[in-house]
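>
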């Protein structure tokens with residue numbers, strides 16, 4: 398694995414990725430690509446990015462040894478990369494800071510974003526407030542209902558939240574609507590895309606802004622235990638937290654990379670959000686990747702207890718990593734994720750996001766099959782405060 | 137000469153501009169589409185753009201989004217759309233039909249299989265809105281091999297360097313998107329469109345159609361002074377939406393006739 402260098406100049410990760418958008422957006426994507434190339438080569442850009450990550454976000458996020466849970470499971474040692482401790486409560490802010498700095502370089506005063514669980518919406522509203530930009534967030538009306546605390550958080554931060562009523566009223570429809578806004582307001586507006594998906598250059602730039610997770614983890618593991626983990630586990634919706642921790646490990650031999658998709662009611666039931674486990678390659682939202690679709694190429698509605706994983710596609714780099722066998726992708730069902738959510742609360746004193754609970758559940762499942770001196774590093778991508786209404790509802794309680 | 141080229145040649149000889157109405161296949165009911173297509177021709181349609189329904193029509197405004205949703209209630213797939221064209225061709229061999237839609241339904245069928253089946257059904261051209269020239273090589277080659285015209289979009293934001301690139305690939309006609317926005321939007325600037333079209337003529341040899349946001353006869357007339365063809369979609373879909381299945385064809389024919397009169 399010495400020649401892993403993706404995407405190519407036109408945004409292709411092998412047969413995936415690319416720029417599948419209507420002509421009106423092409424010039425804006427070319428402009429973004431050119432500006433990012435300049436920013437990437439500009440040390441001042443990265444200096445400011447890292448300053449913001451340190452002083453505004455609170456990075457580096459720590460690595461934590463989940464000792465009690467590991468002991469109870471009786472196998473491999475589980476460590477968490479604590480992205481839940483970031484300002485705004487998840488890994489999303491690493492990317493929104495990077496993109497907001499790009500927006501500022503490009504002189505854009507208005508930013509838009511799509512959001513599922515609301516974490517990317519909150520992170521976008523946060524940086525818009527921080528840099529003095531107008532912010533509009535598109536959110537499926539179903540998600541507006543199940544993520545009410547985050548909706549209010551965005552409003553507190555001065556953003557306008559637009560509920561999207563079309564299609565399945567979830568993340569994919571929010572993305573459609575954000576694209577429609579962008580095409581209409583292309584001169585004034587910067588689209589802060591929240592995951593490592595969409596048309597080139599987004600999968601690349603979101604990955605580059607999230608790589609900080611894996612870069613820190615490599616240093617911290619070395620420092621803490623003197624070696625790298627045997628396995629890195631992360632949940633995958635669009636796949637930004639996963640690509641952020643995986644990418645610096647892609648060329649590190651002996652580290653298994655496992656992405657955990659949302660199995661919903663179970664992959665066999667068809668009611669899930671696991672395109673890498675059960676989908677086929679297709680084109681949606683500007684890129685080619687594994688996709689949940691029917692025999693006519695229509696996009697299938699997804700199901701997951703976690704709004705942030707409720708997406709029918711997946712970032713193109715994950716499709717490539719799957720095909721070349723560098724990463725494995727598995728699915729965890731709603732009930733398994735909820736069990737891990739509770740265990741993490743009780744055994745470790747950490748309320749994890751339902752999204753991250755999928756990664757935790759897989760770690761808890763695989764750890765007992767591994768030796769006690771082996772290490773699993775889980776990307777704890779976000780905290781679960783936003784999910785307390787959902788979880789209470791599942792317990793039959795109203796808060 | 138392709139059916140599209142023949143149509144434009146005939147119109148140019150007569151000093152006429154082309155009217156290209158758009159409807160979505162299967163909206164409001166798959167049983168009605170062929171009859172509506174004949175109704176468009178009776179009203180004066182020169183080319184028909186037939187929309188392939190898609191679950192995630194990113195470039196469309198609410199009107200055409202709803203048309204897709206109505207068609208998908210009947211599970212209308214791309215092969216059903218080809219069946220409709222085949223049936224239309226039984227009694228109409230003159231009017232070109234251009235399929236317009238998003239790439240994924242075509243992608244899932246396979247480009248070569250699609251191109252061959254579409255040609256056999258009597259399709260003349262294909263416009264996939266989310267497949268710009270950068271990604272179109274494979275699909276375009278399959279279309280051209282099957283003697284179908286790949287139709288491309290040009291936008292107000294397209295720089296001239298890209299216009300040249302598109303000009304080299306375009307067959308049949310190019311579709312100039314009249315505004316920055318989605319289909320059916322209301323921010324059309326006619327003078328700006330006329331200026332852009334004049335600039336495009338320097339590089340584009342095929343006829344230039346203009347669409348997005350053309351809602352009435354007056355606008356159609358104004359656009360037709362600069363363009364070779366006027367594309368009207370959302371306004372017609374609205375008419376279908378407001379009509380009953382019994383009156384839809386008649387209302388559509390009347391509306392198309394008024395638009396054609398305006399640009400003659």
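Chains as they are written, first to last, in this note's numbering: chain Y, 398 to 796; chain E, 137 to 400.
All C-beta atoms, glycine included, are put in the ideal place defined by N, C-alpha and C.
Distance, Cα to Cα, residue 463 of chain Y vs residue 477 of chain Y?
So the two alpha carbons sit approximately 7 angstroms from each other.
> At which residues does the alpha helix (DSSP H) containing residue 797 of chain Y begin and terminate?
Shown here, chain Y extends from 398 to 796; a query on residue 797 of chain Y therefore has no answer.
> Just the Cα atoms here: how many angstroms apart are residue 469 of chain Y and residue 479 of chain Y?
If I take the Cα positions, the gap works out to 21 angstroms.
> Quick one: which chain Y residues come within Cβ less than 7 angstroms of residue 317 of chain E?
Ordered by position in chain Y, the residues that pass the 7 angstroms Cβ test against residue 317 of chain E are 580, 581.
> Quick check on the DSSP output: the beta strand (DSSP E) that includes residue 158 of chain E runs from which residue to which?
Segment 154-160, the beta strand (DSSP E) holding residue 158 of chain E.
> Alpha carbon to alpha carbon, what distance is there between residue 721 of chain Y and residue 398 of chain Y?
A caution first: residue 398 of chain Y carries a pLDDT of 46, below 50, which makes its placement in the model too unreliable to give a value.
> Taking 8 angstroms as the CB-CB cut-off, is residue 339 of chain E touching chain Y?
Cβ-Cβ to chain Y under 8 angstroms: no for residue 339 of chain E.
> Using 10 angstroms around the beta-carbon of residue 137 of chain E, count the other beta-carbons present and answer buried if the total reaches 16, otherwise exposed.
When all chains shown are included, residue 137 of chain E counts as exposed.
> Under 7 angstroms Cβ-Cβ, which residues of chain E neighbour residue 420 of chain Y?
What residue 420 of chain Y touches in chain E: 268, 289, 290, 291, 294, 313.
> For residue 276 of chain E, return the contacting residues in chain Y, with the cut-off set at a CB-CB distance below 8 angstroms.
The contacting residues do not exist; residue 276 of chain E stays about 14 angstroms from chain Y at best.
> Touching or not, the segment 594-609 of chain Y and the segment 706-713 of chain Y, by the rule of three or more beta carbon pairs under 8 angstroms?
Touching, yes.
> Alpha carbon to alpha carbon, what distance is there between residue 204 of chain E and residue 613 of chain Y?
Looking at the two C-alpha atoms, the distance is approximately 47 angstroms.
> On the DSSP letters alone, give me the boundaries of the alpha helix (DSSP H) that residue 447 of chain Y sits inside.
It spans 440-449 - the alpha helix (DSSP H) in which residue 447 of chain Y sits, taken as one unbroken run.
> With a threshold of 6 angstroms on Cβ separation, who are the neighbours of residue 409 of chain Y within its own chain once the five nearest residues in sequence on each side are excluded?
Around residue 409 of chain Y: 415.
> According to DSSP, simplified to helix, strand and coil, what is residue 608 of chain Y?
DSSP places residue 608 of chain Y in coil when its eight states are reduced to three.
> For residue 198 of chain E, which residues in the same chain have their Cβ closer than 8 angstroms to its Cβ, ignoring the five residues on either side in sequence?
320.
> Alpha carbon to alpha carbon, how far is residue 562 of chain Y from residue 535 of chain Y? Give it in angstroms, no decimals.
Taking the straight line from one Cα to the other gives about 10 angstroms.
> Using Cβ-Cβ distances below 7 angstroms, what residues of the segment 356-388 of chain E are close to chain Y?
Answer set for the segment 356-388 of chain E: empty.
> Taking the CB atoms as reference points, tell me whether residue 272 of chain E and residue 580 of chain Y lie closer together than 8 angstroms.
No, the pair does not count as a contact, with Cβ atoms beyond the cut-off.
> In this structure, does DSSP put residue 431 of chain Y in helix, strand or coil?
Note: residue 431 of chain Y maps to helix in three-state DSSP.
> Return the CA-CA distance between residue 231 of chain E and residue 349 of chain E, expressed in angstroms with no decimal places.
Roughly 24 angstroms separates the two Cα atoms.
> Please classify residue 302 of chain E as buried or exposed, where buried requires at least 16 neighbouring CB atoms within 10 angstroms.
Label assigned to residue 302 of chain E: buried.
> Hey, how far is the Cα of residue 290 of chain E from the Cα of residue 686 of chain Y?
Each residue's Cα considered, the two are about 26 angstroms apart.
> How big is the Cα-Cα spacing for residue 607 of chain Y and residue 717 of chain Y?
When rounded, the distance between both Cα atoms is 18 angstroms.
> Using the Cβ count rule (16 or more neighbours within 10 Å means buried), how would you classify residue 188 of chain E?
It is buried - the Cβ of residue 188 of chain E has at least 16 other Cβ atoms within 10 Å.
> Is the Cβ of residue 392 of chain E closer than 8 angstroms to any Cβ of chain Y?
No, its Cβ sits nowhere closer than 8 angstroms to a Cβ of chain Y.
> Would you call residue 585 of chain Y buried or exposed, if buried means 16 or more other Cβ atoms sit within 10 Å of its Cβ?
Residue 585 of chain Y should be labelled exposed.
> Counting only Cβ-Cβ distances shorter than 7 angstroms, please list the residues of the segment 192-209 of chain E near chain Y, keeping chain order.
Listed by position along the chain: 192, 194, 195, 201, 208.
> Give every residue of the same chain whose Cβ lies closer than 6 angstroms to the Cβ of residue 745 of chain Y, excluding the five residues on either side of it in the sequence, and list them in chain order.
Contacts found: 463, 466.
> Using CA coordinates, which residue listed in Y:632, Y:545, Y:525 is at the minimum distance from residue 589 of chain Y?
Checking every option, the nearest Cα to that of residue 589 of chain Y belongs to Y:525.
> Report whether the distance from the Cβ of residue 211 of chain E to the nearest heavy atom of the ligand ZN is below 7 angstroms.
Because no ligand of any kind appears in the structure shown, any question about the ligand ZN cannot be addressed here.
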